[in-house]
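As they're listed, the protein sequences go chains A and B. Residue numbers for the first sequence follow this note's numbering, beginning at 20 and rising by one. Residue numbers for the second sequence follow this note's numbering, beginning at 706 and rising by one. Positions of the beta carbon are idealized from the N, C-alpha and C atoms, including for glycine.
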Amino acid sequence: MKTAEEIFNTLKEKFGSSIVEFKADKPVEPFIIVNPLEVDKISLFLKDEKDLLFDSLMNLSGVDDANGIKEKDDKGLETIKGGTLSVYYHIESTKLRHKLTLKASTDREKPEVVTVTEVWKGADWHEREAYDMYGIIFLNHPDLRRILMPYDWEFGFPLRKDYKNPEFYQGMKVPY
Amino acid sequence: MALKTEEMVLNMGPQHPSTHGVLRLELQIDGEIIIDVIPHIGYLHRCFEKHCEAMTYPQVIPYTDRMDYLASMYNEFGYALAMERLMKIEVPERVEYIRVIMGELQRIASHLVALGTYGADIGAFTPFLFCFRDRERILHLFEITCGARLLYNYIWIGGLSHDLHPDFIRLTKEFIKDFRPNVKELNELLSYNRIFIERTANVGVLPIETAINYGVSGPNLRASGMKWDLRKDDPYSVYHKFDYDIPIGKGEKGKTGDCWDRYYVRVLEMDESLKIIEQAIEQIPDGDVTSAIPKRVKPPEGQIYTRVENPRGELGYFIISDGSINPARVKVRAPSFVTMQVFPELCKGFMVADVVAILGSVDIVLGEIDR
């Protein structure tokens, strides 16, 4: 069993600048910020290294950090420019019984993160959901389609903080 | 001359009685053999996570009820636990005991639906009626406690909405006494039924490595032979005070991790839940159940991932707080959502009729898959 800080030091040694920061100042969970384009390699290392063995992905979730420049149009609807979208990975080792949180932040205008489906197959639908809700593109994902929203949904990504409802969807007025 | 053969695509659902909700399965078949299954979900999507961002923290609780509508108590339990850890609230012991009792009763009720409908899917209708008869008594216990039968809004952040009804302990004891023989009856009626075993043993085998890699949890993982239960392995509430076992699949009728194992693990789990409830109602202390409920829920800036062992597996809440009275992000890691991903792997190489048997055995609830 290892603490998050020990794991951070191991990773820092191995991957250098791809491991950005260790954050433990806020309650309740510490997390490690990593480079979104190196997540797959870092994950594979975390899974295979014999004193880490992170064999299970508990949860993967997209988050809108809403830290860009906020602009209001004449209707009072907000648009966010710049800033980041993030992906949080909650992983654990069922053998060594330790847990870890990783965070990968990516540019809001061009959100790209490398997929971890090769490492943990369970990431597949979680990543599709993050794409569906936030528009985060998971590079090398085998099947990146919408999952919860209709396949033909073309009005943006609903969980972004500046999402606006369409006026009509297939001839039906929204909100009805 | 050789006959030309081709693969066929068969559509199952969304309105199909044994998909347990609105799920569409695109079956690619070669004759009767399944080559691949592509699940299409989202027919029940209600934007739960988007709604949460517009609600205050306590207002989210009724929404969590509506995710896994067969295990509403446990959804509330998980959410309340996450919020209490985020806000560092110490909960009175009586509250913890009542939560455990309610949670375990809910587990039995949920498993009864799973087992009963599984029997009905396979073609045995009588066990279905027996299971629902027993479940009705549990729902009655919930009803006298909080007034609702299915969607409770009972477990609040820091406490409970009501204390127990004066008759609750007596009725629960009576229920336990009556229910134990009924489990035996269910075993004779369904579990050891020759036809049922023929349909379920050696079908849809889930190897343990695949299960872990996909993140499968709960009874489905235990049926594959892994002793993994968050009540023991990532303890929360007062579960450490009780004495109970974690049943696992042993491949009694076929291979470990087949449909019959997944079914039978649930039967055994009901017995263990009864043990927990029995001990909890013996030990339950007195106290006020509303004393720790915060007047204003305004957690500090931060984030937390908390998980509980829901009847279907690991139910996780990932909550990000920006210091205001509304959550900045609530993500639910629904056990059925993860289990559904492994479903195509289970079906490959089996017959079309087995799809129904496999789907029933993994026990999904579409309400939490689609959220």
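Item, Value
"Within-8 Å CB hit, B/Lys1036 to chain A", "yes"
"Contact with chain A by B/Arg1017, beta-carbon distance below 8 Å", "no"
"Member of B/Gly726, B/Leu891, B/Ser922, B/Val908 whose CA lies at the smallest distance from the CA of B/Val1013", "B/Ser922"
"Given A/Thr134 as reference, the closest of A/Gly102, A/Asp126, A/Ile156 once Cα atoms are compared", "A/Ile156"
"DSSP-derived helix/strand/coil call for A/Asp126", "strand"
"Per DSSP, cross-strand counterpart(s) of A/Asn184", "Per DSSP, none; premise fails for A/Asn184."
"Boundaries of the beta strand (DSSP E) in which A/Phe50 is found, first to last residue", "50 to 53"
"Beta-carbon contacts of A/Phe41 that lie in its chain and below 6 Å, excluding the five residues immediately before and after", "Phe27, Ile51"
"Beta bridge counterpart(s) of B/Met699 as assigned by DSSP", "Because chain B is modelled from 706 through 1076, residue 699 of chain B falls outside the range shown and cannot be assessed."
"Under the three-state DSSP convention, the category B/Pro719 falls into", "coil"
"CA nearest to the CA of B/Leu815, picked from B/Val727, B/Met1045, B/Gln988, B/Gly1018", "Sequence check: residue 815 of chain B is Ser here, not Leu. Among B/Val727, B/Met1045, B/Gln988, B/Gly1018, the Cα nearest to that of B/Ser815 belongs to B/Gly1018."
"Alpha carbon of A/Asp92 to alpha carbon of B/Gln764, nearest angstrom", "30 Å"
"Proximal residues, the segment 998 to 1016 of chain B versus chain A, C-beta separation under 8 Å", "Pro1005, Glu1006, Gly1007, Gln1008, Ile1009, Tyr1010, Arg1012"
"Cutoff 6 Å; reference B/Arg842; Cβ partners in own chain excluding five residues on either side", "Phe880"
"Rounded straight-line distance, which links the Cα of B/Ile734 to that of B/Asp741", "7 Å"
"Residues from the segment 711 to 735 of chain B in contact with chain A, defined by Cβ distance under 7 Å", "none"
"Interface residues of chain B facing A/Gly154 [CB-CB closer than 7 Å]", "By Cβ distance, chain B contributes nothing, its closest Cβ being about 14 Å from A/Gly154, past 7 Å."
"Any C-beta of chain A under 8 Å from that of B/His867", "no"
"B/Arg799 - containing beta strand (DSSP E), residue span", "Taken as a continuous stretch (DSSP letters only), B/Arg799 belongs to no beta strand (DSSP E), being part of the alpha helix (DSSP H) at 798 to 827."
"Any non-hydrogen atom of the ligand NAD closer than 7 Å to A/Lys31 Cβ", "Ligands displayed in this structure: none; no statement on the ligand NAD is therefore possible."
"Length of the line joining the Cα atoms of A/Glu173 and A/Arg164", "12 Å"
"C-alpha gap between B/Ile998 and B/Arg804, whole angstroms", "15 Å"
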